[in-house]
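Residue numbers (full-length UniProt numbering), protein chains in the order written: chain A, 1 to 372; chain B, 1 to 372; chain C, 1 to 372; chain D, 1 to 372.
The beta-carbon is built from N, C-alpha and C at its ideal position, and this holds for glycine as well.
Source: prediction; values computed, not measured.
4 protein chains.
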Amino acid sequence: MSELRIGLIGAGYMGKAHTVGFQGVAAIFETVLRPVCEMIATSTAEGAAEHARRWGWHRSTGDWRELVADPHVDAIVIATPPRTHLDMVMACIAAGKPVFCEKPLGASADESLRMTEAVERARLPNMIGFNYIRTPASQLARQIIASGEIGDVIQVTAEHVEDYLHDPALPASWRTRIATGTEAGALGDVAPHIVNACLRLVGPIASLVADTQIVHARRDGPDGQEAVENDDQGQMLLRFANGATGSISFSRMAAGRKMGYTYRITGTRGAIAFDQEDQNALWLYDAAREPSRRGFQKLLMGPAHPDYLAFNQGVGHGTGYNDQIIIEARDFLQAISTGESVWPTFRDGYEVDRIIEAALLSNRERRWVTID
Amino acid sequence: MSELRIGLIGAGYMGKAHTVGFQGVAAIFETVLRPVCEMIATSTAEGAAEHARRWGWHRSTGDWRELVADPHVDAIVIATPPRTHLDMVMACIAAGKPVFCEKPLGASADESLRMTEAVERARLPNMIGFNYIRTPASQLARQIIASGEIGDVIQVTAEHVEDYLHDPALPASWRTRIATGTEAGALGDVAPHIVNACLRLVGPIASLVADTQIVHARRDGPDGQEAVENDDQGQMLLRFANGATGSISFSRMAAGRKMGYTYRITGTRGAIAFDQEDQNALWLYDAAREPSRRGFQKLLMGPAHPDYLAFNQGVGHGTGYNDQIIIEARDFLQAISTGESVWPTFRDGYEVDRIIEAALLSNRERRWVTID
Amino acid sequence: MSELRIGLIGAGYMGKAHTVGFQGVAAIFETVLRPVCEMIATSTAEGAAEHARRWGWHRSTGDWRELVADPHVDAIVIATPPRTHLDMVMACIAAGKPVFCEKPLGASADESLRMTEAVERARLPNMIGFNYIRTPASQLARQIIASGEIGDVIQVTAEHVEDYLHDPALPASWRTRIATGTEAGALGDVAPHIVNACLRLVGPIASLVADTQIVHARRDGPDGQEAVENDDQGQMLLRFANGATGSISFSRMAAGRKMGYTYRITGTRGAIAFDQEDQNALWLYDAAREPSRRGFQKLLMGPAHPDYLAFNQGVGHGTGYNDQIIIEARDFLQAISTGESVWPTFRDGYEVDRIIEAALLSNRERRWVTID
Amino acid sequence: MSELRIGLIGAGYMGKAHTVGFQGVAAIFETVLRPVCEMIATSTAEGAAEHARRWGWHRSTGDWRELVADPHVDAIVIATPPRTHLDMVMACIAAGKPVFCEKPLGASADESLRMTEAVERARLPNMIGFNYIRTPASQLARQIIASGEIGDVIQVTAEHVEDYLHDPALPASWRTRIATGTEAGALGDVAPHIVNACLRLVGPIASLVADTQIVHARRDGPDGQEAVENDDQGQMLLRFANGATGSISFSRMAAGRKMGYTYRITGTRGAIAFDQEDQNALWLYDAAREPSRRGFQKLLMGPAHPDYLAFNQGVGHGTGYNDQIIIEARDFLQAISTGESVWPTFRDGYEVDRIIEAALLSNRERRWVTID
Ligand SMILES: NC(=O)C1=CN([C@@H]2O[C@H](COP(=O)(O)OP(=O)(O)OC[C@H]3O[C@@H](n4cnc5c(N)ncnc54)[C@H](O)[C@@H]3O)[C@@H](O)[C@H]2O)C=CC1
Ligand SMILES: NC(=O)C1=CN([C@@H]2O[C@H](COP(=O)(O)OP(=O)(O)OC[C@H]3O[C@@H](n4cnc5c(N)ncnc54)[C@H](O)[C@@H]3O)[C@@H](O)[C@H]2O)C=CC1
Ligand SMILES: NC(=O)C1=CN([C@@H]2O[C@H](COP(=O)(O)OP(=O)(O)OC[C@H]3O[C@@H](n4cnc5c(N)ncnc54)[C@H](O)[C@@H]3O)[C@@H](O)[C@H]2O)C=CC1
Ligand SMILES: NC(=O)C1=CN([C@@H]2O[C@H](COP(=O)(O)OP(=O)(O)OC[C@H]3O[C@@H](n4cnc5c(N)ncnc54)[C@H](O)[C@@H]3O)[C@@H](O)[C@H]2O)C=CC1
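Right, dumping it as structure tokens:
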């Protein structure tokens, strides 16, 4: 097994998760490449040094460009706010290094397209951080739909709703600002995951109409109250290219929902349902059973399901959030060792960002928008 | 206690339910009026006679006009397909008799308005069959919202989805035809219940955008395959007058969902959630609790909740579908004995039908529609 | 259809339920006999008169012997505390009248045996009030087990736990006294239902060991604090004649459990699980499915399940507590019209009471007890 | 941070889990000691070498005594079948090395006592593998009970039931044999976890009565069918020293239950309930709330709960099975760095094994057994 030296930019919520992912992956999966936590970058040299010490990265820097350029860094993971992704990704590509970028790929669909085209032109392994779609349950959902087990999809009811900003006393951050975050609030922060699920599980979206709202207009900032610049919540109607329709809710204000990434997908022969708050179960309904034996069945994930066995030999013993990141790490390593990007790639990130942008447009112009 | 002689038109699904309601109500509730099952009318004299015998109605007729005119019929319940409601209701009003009409009130908002204005002009007790909103749990939901316990409502995710026409082998009926049913399919059959819940629990809807689909284009009819003329499923986005927003799904094709009348209503201080498939529980989230003790709480209905004690003294022992109809019967009797209509009235039925009509328009013209 | 004039003794919790049952049954089921609420008896003439007026019984009396003797009373329902059952039942038998008795049949197994032998000798239709076993879901459970669908039963985990006396401030009553209640507290009040379920679903119990406790030693009585004389909670281990084993918990102190009548029954080919708090669902597990498609399936009751269709044509629309009593009323009427008692009969009540008595003995002597 | 070189014996189910634990712990928790995966031993040199390669252990051996003696191994983790624990543990103690041993500690209570006394005499940090009690939810359960939040515990209904041997076609193994496993089957394999939970959450057990069964008498072995020598399932009644009572079910035959480690603990002021199949939720019932607002509350684990924040900053994002093992690794490292053993220790393992032994005795002699 040869080593792959990782460089990580960002030491916040996702920075820690990716650290866990790379340190844990080798014990779980048999990968051709064994990752080494080589270097970490944050906004400040001190912060980076401190995180390196605590999380076990060999070296650190306060300048991400240094990390990208470092000859002992083989591949890069970007876990910083969306507004920073473009420059970082472009630098990685220029340096010829494989790159993993957190969602949303860009601060706009245009940015995402530029990154996607550049990375594809450079034929560099690349990946986007849609971790939720990689749970055993959501992978199983995809298998079930793809195999035709529930027939043709006719309807989708989906959401990604959390309540991390429900409390009006919580301060402003990059998440509430356009300059450092994106024009899309919850739409840019949580919706990408569930839009991606819709694209992945059902197929391309042909048109949509969206409506978003800011609930708490102002929040505390460093210089007193400041305006919340992007949406706290919203919902959209979808028409898929294959004729299915559906709706998505997204929110950072959904009191009581902590990890409300859910979908119910109905087909002509059955249905599936999932709720990430109970991430080890997928519900399956088979309309072909005889009437007295019809009902949703709770499938607890186990060795018979995608990517579960490596974590545990027992059904229902359960994987958690960090295990999703371990799966991502495995895939990124595999992409690099084979030279073939593993889904989801930057292009998938771009496809999601097109939908986000269409939703922003739809909301602004109060009309249906066609995605061409 | 004096008697009230009921005339029932229609002996299908709801005809039976109302029979059960009137025969059961007196043992449950103390009503001033005791209902007598006086007369039943269906399309044919034989059918009516047979149902009278089986269900315990004193007399029967194949001509509903005879029933309306009968001097021994004091009040009338209409449980026939929507297209028939207008004539029947108008005849009842002309005869000066209190009238209960199943939902949807009219086959169009215009019809509904005519009935509503006529019944109000005549000052006759009147009621519309929105039974789901009368469960103890949904009454409690209303109390909780009205009292401000969850703060100002900011978002609603709701649906009424069933799968009674999921199987393409099921035949056409008035439900799939415009001439005898309505232009709205699932939108006219199930959506009214959940639209009514939104209006009742959250308030007036200011604008909406809707999208509906026919999934199975043709079904068996008496003369071979015929076209399905109205929607099998759909969804809409809502903007409420008070600033809240939300979405509604409605379907007769939602494989696996049998009684999927659900809502999650989020406020600035908490949230509630409900699923009619578990009709004896309301879930309540209080955002003010300290972080380690926050979570949705499952309130099983009991004597401390609206209209439960009359059914049972034990918490969680449970009410069922017919108990909703018994509550309706109690209210209709009370309306007649006091002369004051009890919510929901024809006007509520009309308010719902305006939303349905706006949804039809929105779907047709592919745009947001304002309800004035 | 001919009439059957019912006499009801007792106007408490169950008195009301049976009133509802007899007034509602004819609209739900097609019965040969149509019940008439003829006469009601309680401890006092005034109370009886008041209940007659409120609930719609034609006549009333403060002396139950008068009711039993009344020539216009055709059949009798006993809904009074256990200690009174023996005399009342014996009087009914002496009068040659069909009799329905609430559980537990007697205040002791010996009493129960005397009643059972007498009623059988007299060949009178008789029934015992084990209503929970008559829900559609529990009837389906029985079908599934009886058909071998889950193979041979190997284990049962069951309970009937409620919390109606959890609060120590609640007063003493017949339920806490031996003289007017029974030596068995929760064991006599709630356990009979679940013991009956075990007998019915799995088969005869061969031996058991039980342990009971009084949690709150004293409660307020009419003359100040008095001793609680029988158990508040307990549990037992069971060995069935067919080799299966299991356990039962019973309690009137189970904080938070309101109608905790639950069972999980495991067989060599699968399992079923049920919780009365969600009475419209039965969970079924089929071990023969392929590993990736194994999981408990939630069957919502519907027209394809026992005794559901008469209540409602829609799956999952739901029955409630009173509907169980309507099913009992239907069966009692049928027993009388055919002359054939319908399960569960007094003998079933006696079989349960033998288990209760064995549990009392086991608890007293701290040892396994064989039921011969 | 200094390094601690771990030696692991056993490369089966738990061997992998502990590998994951030690490789993942440093990224999650800030530990004083950083573990190094130094050496692994299994039954054969080749097997050990292969696992070392795949899982990232520096060295390997087919002789566990070599591992124990190795001067570069600082601390030892034993993850082999129960019958081997005594020799291994004693060797570790003789070598003066901190030792973590999987459950059950010994193949008998006597063995467990010898290990416990030896390790305590040697004042060596020691730990036993009761991982389930270390989830955030079960730690929270302990806090809630210990703080008096649900009052005095009065009743416990608990189980650890899985179905890993439900299929009669599954072969014999050490789990079904006494010579290499223990006299206790499911009682020795799964029951220790839930017995430990009872001891930890409620307190010492004073007496018990148990009943166990072998369901499938014979299974395929290397030389044809062989006898299953220990129990497949069973149940016991408990009396705790503090007056609470309860029951435990344990099974390796519980069709459909995959990780059925559950408990409902009732106190004088409320109750808690937990099911390991939904390991990120603890249900809490507070009897002091006003009647209309009483109900079990689903607390999704989050940063406000024990040991959660290190895994994730978001409520409800979820931990999984391996995260329990990471918590164990953290505690074992801490025990070594401070010299103070962290609960649960060998003594806890011994306390559990005494209960298991009492259960075996109770089953054999068909009587209540007092634990002194
Ligand atoms: N996949 C998922 O489940 C989640 C993904 N995300 C995504 O991950 C990304 C990061 O989000 P969080 O970790 O929540 O943010 P955070 O605010 O917790 O951390 C951001 C980190 O980026 C660093 N950073 C910011 N600007 C930098 C610069 N110019 N140079 C070097 N470091 C810089 C900060 O020092 C900080 O360590 C975002 O794109 C977000 O959308 C966030 C949460 C969950
Ligand atoms: N509130 C609720 O939960 C439900 C309400 N409904 C509503 O109840 C109404 C009836 O629906 P269902 O009972 O399902 O219909 P159904 O098709 O089962 O029964 C219709 C009945 O109306 C009778 N009828 C039709 N035309 C008639 C006429 N001209 N004169 C006399 N009788 C006539 C038929 O003979 C039949 O007995 C509809 O408005 C429907 O939307 C239906 C189901 C549930
Ligand atoms: N099947 C079920 O789900 C339930 C069954 N039960 C059973 O039903 C029976 C009655 O229980 P509850 O209704 O809860 O009791 P309760 O205390 O609510 O009512 C008892 C009634 O019996 C009357 N009564 C007592 N002695 C009498 C006498 N000598 N003559 C005439 N009337 C007399 C009282 O006046 C009162 O109306 C008991 O055997 C109990 O175990 C009770 C609750 C639920
Ligand atoms: N805490 C938990 O959740 C669990 C604990 N366990 C416990 O862990 C222990 C191991 O169980 P599993 O991993 O399931 O067993 P397993 O059968 O999967 O693996 C046993 C391992 O021990 C090795 N081994 C056996 N004898 C040996 C010897 N003399 N020298 C060196 N290696 C030897 C084998 O080569 C094999 O690698 C048992 O005590 C069991 O009760 C098992 C499963 C779950």
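For the beta strand (DSSP E) holding Asp275/C, just list the boundary residues, first then last. Taken as a continuous stretch (DSSP letters only), the beta strand (DSSP E) holding Asp275/C covers Gly270 to Asp275.
Can the beta-carbon of Gly234/B be found less than 8 Å from the beta-carbon of Thr268/B? Not in contact: Gly234/B and Thr268/B (Cβ atoms no closer than 8 Å).
Output the distance between the C-alpha atoms of Leu284/D and Ala271/D, rounded to the nearest integer angstrom. Leu284/D and Ala271/D have their C-alpha atoms some 6 Å from each other.
First and last residue of the beta strand (DSSP E) that includes Val218/C? The question names Val, but residue 218/C in the sequence shown is Arg. Looking at the DSSP string, the run of the beta strand (DSSP E) that includes Arg218/C is Arg218 to Gly221.
Phe296/B touches chain D at which residues, Cβ-Cβ below 8 Å? Those within 8 Å of Phe296/B in chain D are Gln297 and Lys298.
Check whether the Cβ of Pro104/B sits closer than 7 Å to any heavy atom of ligand 2, and report yes or no. Flag set: Cβ of Pro104/B near ligand 2.
Residues of chain D with CB closer than 9 Å to the CB of Met253/C, please, in chain order. When 9 Å is used as the limit between beta carbons, Met253/C is near these residues of chain D: Ile154, Gln155, Thr266 and Thr268, in chain order.
Ligand 1 and Asp189/A: does the residue's C-beta get closer than 7 Å to at least one heavy atom of that ligand? Yes.
Pop quiz: Asp278/A and Met253/A are said to be a contact at Cβ under 8 Å. What is the actual Cβ separation, rounded to whole angstroms? 22 Å between Cβ atoms; not a contact.
How should Pro291/A be labelled, buried or exposed, when 16 other C-beta atoms within 10 angstroms of its C-beta is the threshold for buried? Counting Cβ neighbours within 10 Å, Pro291/A comes out exposed, since fewer than 16 surround it.
Output the distance between the C-alpha atoms of Ala141/D and Leu282/D, rounded to the nearest integer angstrom. For Ala141/D and Leu282/D, the distance between alpha carbons rounds to 7 Å.
Does the beta carbon of Thr44/B come closer than 8 Å to any beta carbon on chain A? Chain A contact via Cβ: absent.
Below 8 Å between beta carbons: does that hold for Pro82/D and Ala107/D? Yes.
Could you compute how far the alpha carbon of Met39/D sits from the alpha carbon of Glu365/C? For Met39/D and Glu365/C, the distance between alpha carbons rounds to 56 Å.
Counterpart residues of Lys298/D in DSSP-defined beta bridges: According to DSSP, residue pairing for Lys298/D in a beta bridge involves Trp283/D.
Distance, Cα to Cα, Glu50/D vs Asp63/D? Straight-line Cα distance between these residues: approximately 15 Å.
For Ala172/B, which of helix, strand or coil comes out of DSSP? Coil.
Would you mind reading off the limits of the alpha helix (DSSP H) that contains Arg177/C? Judged by DSSP secondary structure, Arg177/C falls outside any alpha helix (DSSP H); it is assigned neither H nor E.
From the beta carbon of His317/D, is the nearest beta carbon of chain A less than 8 Å away? Interface residue, yes.
So, for Ile326/B: in the same chain, excluding its five sequence neighbours on each side, which residues have a beta-carbon less than 6 Å away from its beta-carbon? These residues qualify, in order along the chain: Gly21, Gly24, Val25 and Ile28.
Ala172/D CB to nearest heavy atom of ligand 1 below 7 Å: No, the beta carbon of Ala172/D sits no closer than 7 Å to any heavy atom of ligand 1.
Neighbourhood of Ala329/C by C-beta, 6 Å cutoff - its chain only, sequence neighbours within 5 removed: The answer, listed in chain order, is Gly21, Phe22 and Val25.
Mind listing the chain C neighbours of Lys103/B? Cutoff is C-beta to C-beta under 9 Å, in chain order. Contact of Lys103/B with chain C by beta-carbon distance below 9 Å is absent, the smallest such distance being about 15 Å.
Neighbour flag for Trp55/A against chain D, beta carbons, 8 Å: So yes, Trp55/A belongs to the interface.
Helix, strand or coil: how does DSSP classify Gly203/D here? Coil.
Would the beta-carbon of residue 374/D be found less than 7 Å away from any heavy atom of ligand 4? For residue 374/D there is no data in the structure shown, the boundaries of chain D being 1 and 372.
Tell me whether the stretch 127 to 136 of chain A and the stretch 342 to 354 of chain A touch, counting them as touching only if at least three CB pairs, one residue from each stretch, are closer than 8 Å. Judged by Cβ distances under 8 Å, the stretch 127 to 136 of chain A makes contact with the stretch 342 to 354 of chain A, as three or more pairs qualify.
Report the residues of the stretch 197 to 222 of chain B with a CB closer than 7 Å to any CB of chain A, ordered along the chain. From the stretch 197 to 222 of chain B, only Val209, Asp211, Gln213 and Val215 have a Cβ closer than 7 Å to chain A.
Close-in-space but distant-in-sequence residues of the same chain around Leu237/D (CB under 6 Å, 5 per side omitted): Here Leu237/D has Val209 and Ser247 as same chain residues with Cβ atoms under 6 Å from its own Cβ, once five neighbours each way along the sequence are excluded.
Which of helix, strand or coil does DSSP assign to Tyr321/D? Secondary structure at Tyr321/D: helix, using DSSP grouped into helix, strand and coil.
Using a Cβ cut-off of 8 Å (strictly closer), state whether Pro291/A contacts chain C. Output row for Pro291/A: interface = yes.
Under the three-state DSSP convention, the category Thr135/A falls into: In the structure shown, Thr135/A falls within a coil segment according to DSSP collapsed to helix, strand and coil.
Spatially closest choice to Leu333/B from His18/B, Arg367/B and Val202/B, by CA coordinates: When each option's Cα is compared against that of Leu333/B, the closest is His18/B.
Is Thr42/B close to ligand 2? I mean its beta-carbon at under 7 Å from any heavy atom of the ligand. Because some heavy atom of ligand 2 lies under 7 Å away, the Cβ of Thr42/B counts as near it: yes.
May I ask you to check if the CB of Ile9/D is nearer than 7 Å to at least one heavy atom of ligand 4? Under cutoff, so the answer is yes.
To the nearest angstrom, how far is it from the Cα of Ala146/D to the Cα of Ile93/D? Between Ala146/D and Ile93/D, the C-alpha separation is close to 33 Å.
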